[in-house]
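In the working numbering, the protein residues as written are 6 to 212.
Positions of the beta carbon are idealized from the N, C-alpha and C atoms, including for glycine.
As the structure is a computational prediction, the values presented were derived from the model and not from experiment.
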Amino acid sequence: MSRFSFLLRDRVTTTVIALIVLVAVLFIWTSLERPEVPTFIPTAPSPTEIGTEQDARTVTVDASNPGIWRFFDFSRGSVVEAPGPEEWDIAFRRFQIIANGGRGMEGQGGAVSLEDMTFEVVSSVPETGYVVSERNDSVNALLEDWYDYSFTSHVLKPKPIVYAIRTADGRYAKLEMLGYYCVGALPGCTTFRYVYQGGGGTDVVSN
């Protein structure tokens, strides 16, 4: 083999190595350069019976502890501590969401995705078709798909989906996820807005 061939091969090898290093550096750089994300401050728990009040509310649940479920009760508009088996409707643990219905649950809870509808447009919710948990302490199969995750920026973004929620006692609400980050872009401040129908119907238009 000629000296020219050796030189050409070495140059090709060097070019390939340089390209690999460049790709690796770009991947690391894009991973470290996280985009700005909306951040939220947890809403202080204040469980109060809201009756038939039908206002649109926004709540941030501090679900940052990966070992603890934080329980939310629509009828009291708040996170509740150590609730009874039928005294909560949905619960949050980091990015996981569970409804109080299905196997291992004592409530009637479940969720339905209202595809291609905005929060403001949804005026009523269905009475049937609700997806429930299939295993003890499992996330709801429908609600586990509420976000998109980027493996380059490592940022979680809520999908623009409105959900109909059936509560533990068979009442209804509409819900939309808004965010996931606490101040400082720390994960676990799960934020959503909702309208709860406390009167027993399926109308979810805010007053």
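By how many angstroms is the C-alpha of residue j removed from the C-alpha of residue i?
{"i": "Thr207", "j": "Asp94", "result": "16 Å"}
{"i": "Leu180", "j": "Tyr168", "result": "5 Å"}
{"i": "Val136", "j": "Met182", "result": "17 Å"}
{"i": "Trp186", "j": "Asp150", "result": "For clarity, residue 186 is Tyr in the given sequence; the question names Trp instead. Roughly 17 Å separates the two Cα atoms."}
{"i": "Gly270", "j": "Gln101", "result": "Here the chain comprises residues numbered 6 to 212, so residue 270 is not present and cannot be evaluated."}
{"i": "Ala178", "j": "Asp121", "result": "17 Å"}
{"i": "Ser138", "j": "Gly112", "result": "11 Å"}
{"i": "Gly203", "j": "Arg176", "result": "7 Å"}
{"i": "Thr157", "j": "Pro40", "result": "11 Å"}
{"i": "Thr53", "j": "Tyr201", "result": "14 Å"}
{"i": "Gly56", "j": "Gly205", "result": "10 Å"}
{"i": "Asp78", "j": "Asp67", "result": "15 Å"}
Can you tell me whether residue i is helix, strand or coil according to DSSP?
{"i": "Glu149", "result": "helix"}
{"i": "Tyr185", "result": "strand"}
{"i": "Pro40", "result": "coil"}
{"i": "Gln59", "result": "coil"}
{"i": "Phe45", "result": "strand"}
{"i": "Val200", "result": "strand"}
Starting from residue i, follow its DSSP beta bridges and name the residues at the other end.
{"i": "Asp67", "result": "Cys194"}
{"i": "Asp78", "result": "Ser83"}
{"i": "Gly115", "result": "Arg171"}
{"i": "Asp208", "result": "Ser129"}
{"i": "Ala96", "result": "Phe76 and Ile103"}
{"i": "Pro50", "result": "Paired residue(s): none; Pro50 is not in a bridge."}
{"i": "Val136", "result": "Ala116"}
{"i": "Lys3", "result": "Coverage of the chain is limited to positions 6 through 212, which leaves residue 3 absent and any answer about it impossible."}
Would you decide whether residue i is buried or exposed? Buried here means 16 or more other CB atoms lie within 10 Å of its CB.
{"i": "Thr35", "result": "Caution applies to Thr35, whose pLDDT of 46 falls short of 50 and renders its modelled position unreliable; the model cannot decide the point."}
{"i": "Ile46", "result": "exposed"}
{"i": "Gly72", "result": "exposed"}
{"i": "Ser83", "result": "buried"}
{"i": "Ala87", "result": "exposed"}
{"i": "Val210", "result": "exposed"}
{"i": "Asn212", "result": "exposed"}
{"i": "Asp60", "result": "exposed"}
{"i": "Val213", "result": "Nothing can be reported for residue 213, as the shown portion of the chain is limited to 6 through 212."}
{"i": "Phe148", "result": "This sequence places Leu at residue 148; Phe is not what is there. So Leu148 counts as buried."}
{"i": "Val126", "result": "exposed"}
{"i": "Ala96", "result": "buried"}
{"i": "Gly89", "result": "exposed"}
{"i": "Leu27", "result": "In this predicted model, Leu27 has a pLDDT of only 47, less than 50, meaning its place in the structure is not dependable enough to derive any value."}
{"i": "Gly134", "result": "exposed"}
{"i": "Ser80", "result": "buried"}
Am I right that residue i and residue j are in contact with their C-beta atoms under 8 Å? What's the rounded C-beta distance?
{"i": "Arg198", "j": "Phe124", "result": "7 Å"}
{"i": "Gly106", "j": "Gly115", "result": "5 Å"}
{"i": "Thr196", "j": "Thr63", "result": "7 Å"}
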